[in-house]
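With the working numbering as the guide, the letters of the sequence shown map in order to residues 8 to 181.
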Amino acid sequence: MSTARDDNPVADLTGTNCSKNQRGNTWFLAGGFGSSKIRRTCTIPAGKTLFFPLINMVYMPARGGKSISCEDTKAAAALNNDTALDLFAELDGNPVSNPKQYRISSKTCFDAFARQPASMQPYKAFPSATDGFWLLLKPLPTGQHTLKFGGKYNRESAGYGSMVQDIEYVLLVQ
């Protein structure tokens, strides 16, 4: 997501920024940074598919850190997802069955900041990689809906290894 931290939908605790940088037929619903319990309200245009992470990791090299290969970066992004527990997604009280089947990993590495304007790029973050559990839902009927999703990691010895995501959206589809 290429937006400043101040108005980044991932950092937003209320849903105020949920329409930020949205375009096209797919609407991105953000999770949170680190362990997060967040409740947001978001107005969405009718006809949009919804894309969101149950829980995910982005791994990138530290500024000025030692060099790391793309393969090692992808392995680091995947580490916590190998032990993910209690994954869930629920729309209007109806659970998504077997959410573990929706794991997606980067095929290639990328620069995590490359899509930001040059003036906002803190450094060249290559190689970066992502791994996580993501869902794509077909457009919802107009009206109010409740979407809940999240999960937790079970690898105490790793960075973010005990991360928990518990996200709820009240979606107003118009």
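Note that beta-carbon positions come from the ideal geometry of N, C-alpha and C, so glycine has one too.
Secondary structure in the region 22-57: the beta strand (DSSP E) runs of 3 residues or longer, each lying completely within the stretch, are 33-35, 43-51 in chain order.
Under the three-state reduction of DSSP output, Met67 falls in the coil class, being neither helix nor strand. The bridge partners DSSP lists for Thr153 are Val177. In the three-state reduction of the DSSP assignment, Asn15 falls in the coil class.
A Cβ-Cβ distance of about 7 Å is found for the pair Asn87 and Met170, placing them in contact under the 8 Å criterion. Nearest in C-alpha terms to Glu78, of all of Ser113, Pro148, Asp14, Trp141, is Ser113. For Asp173, the CB contacts under 6 Å within the same chain, skipping 5 residues up- and downstream, are Lys44, Gly157 in chain order. Here the region 132-149 lies against the region 102-117, with 3 or more beta-carbon pairs under 8 Å apart.
Inter-segment contact for the region 45-59 and the region 20-36 is present: three or more beta-carbon pairs are separated by less than 8 Å.
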